[in-house]
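A short worksheet on the structure shown next.
There are 2 protein chains.
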Amino acid sequence: MSQLDEQAFGHVARFFQALAEPMRLKILNGLRDGEKNVSELVEVSGGTQANVSKHLALLRDAKIIKRESRGTKAYYSIADQRIYELCNLVCGQIASQMSLDAAANEVFISALKTN
Amino acid sequence: MSQLDEQAFGHVARFFQALAEPMRLKILNGLRDGEKNVSELVEVSGGTQANVSKHLALLRDAKIIKRESRGTKAYYSIADQRIYELCNLVCGQIASQMSLDAAANEVFISALKTN
DNA sequence: TTTCTATATAACCATATACTCATGTAATAT
DNA sequence: ATATTACATGAGTATATGGTTATATAGAAA
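These protein sequence lines map, in sequence, to chains A and B.
Per my numbering, the very first residue in the first sequence carries number 15; after that it's consecutive.
Per my numbering, the very first residue in the second sequence carries number 15; after that it's consecutive.
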């Protein structure tokens, strides 16, 4: 396996790693409808300010979100819309894996999609 | 945020987590062209037998691969083809993020796709 | 300047993860 | 029955990760 491949697997793994955390998914979910500042994200995610800031830094490192500072606030937004394609793919998969009856399944899927 | 959402984020996170490891990506890459037994996967991944077995167990838990035992060997294969859609999405993203010139970029992408 | 508000970051701790080595187990072959 | 081959798993260890609390920094307001 080439050196290039090795590197590539590392990159891809780090990318998935950034999405492998419930709180970060919550934050990304909060950004579905556009930019939010940190305080707003703290609200919707239910996390602490310090913790949310850390996750935001990590997501930014992974180039998944971008930051724009305006006045004393920091506005974050999605840098790559493909995130949601990814999540939707995974959500479909998860939903189909869960042994829910059809009704519950529908609730589940719509809960994921309408946020 | 509903209880259902909380659960959902957890599920999705665990799914991404399974993909957030270079060795596991290597293994999945090794399964692109069909089933392989553990020894073959040890070969193509370059890992130790114990370690590969553990990653296989984890991937199986995540329902990403399935196992079929034949004789004394264990054959693994992809349980959900969407994995590769995911990886391709991410690879495209990674490639476009890397500051490579066009030529190098092409090499990079084809290296990812042709394995 | 001082103060307040918004955000980032350091220090620290607990848990999770990935790896290695050694050993267990199961099917086959001798 | 014993040995061999193929795989799984437990124990132990090092590092990574996620969380908390306390503090630093930066801009706006008084």
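Don't be surprised by glycine CBs; every beta carbon is placed ideally from N, CA and C.
The structure displayed is predicted, hence computed values, not measured ones.
Extent of the continuous beta strand (DSSP E) run through residue 82/B
79 to 84
At a CB-CB cut-off below 7 Å, which residues of chain B make contact with residue 99/A?
103
Residue(s) in a DSSP beta bridge with residue 88/B
DSSP, once it has assigned bridges, lists 83/B as partnering residue 88/B.
Assigned exposure category for residue 64/A - 16 Cβ within 10 Å defines buried
exposed
Can you find a C-beta in chain A that's less than 9 Å from the C-beta of residue 20/B?
yes
Using C-beta distances below 8 Å, list every residue in its chain close to residue 52/B, excluding the 5 sequence neighbours before and after it, in chain order.
63, 66, 67, 70, 87, 88, 90
Taking all protein chains shown into account, decide if residue 84/B is buried (16 or more other Cβ within 10 angstroms of its Cβ) or exposed.
exposed
Name the chain A residues whose beta carbon is nearer than 7 Å to that of residue 31/B?
One finds 34 in chain A with Cβ atoms closer than 7 Å to the Cβ of residue 31/B, taken in chain order.
For the alpha helix (DSSP H) holding residue 93/A, just list the boundary residues, first then last.
Here residue 93/A belongs to no alpha helix (DSSP H), and DSSP marks it neither H nor E.
Strictly below 7 Å CB to CB, what residues from chain A border residue 71/B?
By Cβ distance, chain A contributes nothing, its closest Cβ being about 17 Å from residue 71/B, past 7 Å.
Suppose you measure from the CA of residue 25/A to the CA of residue 20/B; what does that come to, to the nearest Å?
28 Å
Given 8 Å as the limit, tell me if residue 73/B has its C-beta closer than that to any heavy atom belonging to the ligand ADP.
Summarising the ligand content, the structure contains no ligands, and the ligand ADP is consequently not present.
Decide if residue 35/B is buried, meaning its Cβ has at least 16 other Cβ atoms within 10 Å, or exposed.
buried
Test: residue 46/B CB closer than 9 Å to a CB of chain A:
no
Cutoff 9 Å: residue 85/B Cβ touching any chain A Cβ
no
Ordered along the chain, which non-local residues of its own chain (more than five positions away) have a Cβ less than 7 Å from that of residue 82/A?
Excluding residues within five positions, the ones whose Cβ falls inside 7 Å are 89.
State yes or no: is the C-beta of residue 32/A within less than 9 Å of the C-beta of residue 78/A?
yes
Can you say whether residue 43/B is buried or exposed, counting buried as having 16 or more other CB atoms within 10 angstroms of its CB?
buried
Looking only at C-alpha atoms, which of 104/A, 103/A, 102/A, 80/A sits nearest to residue 94/A?
80/A
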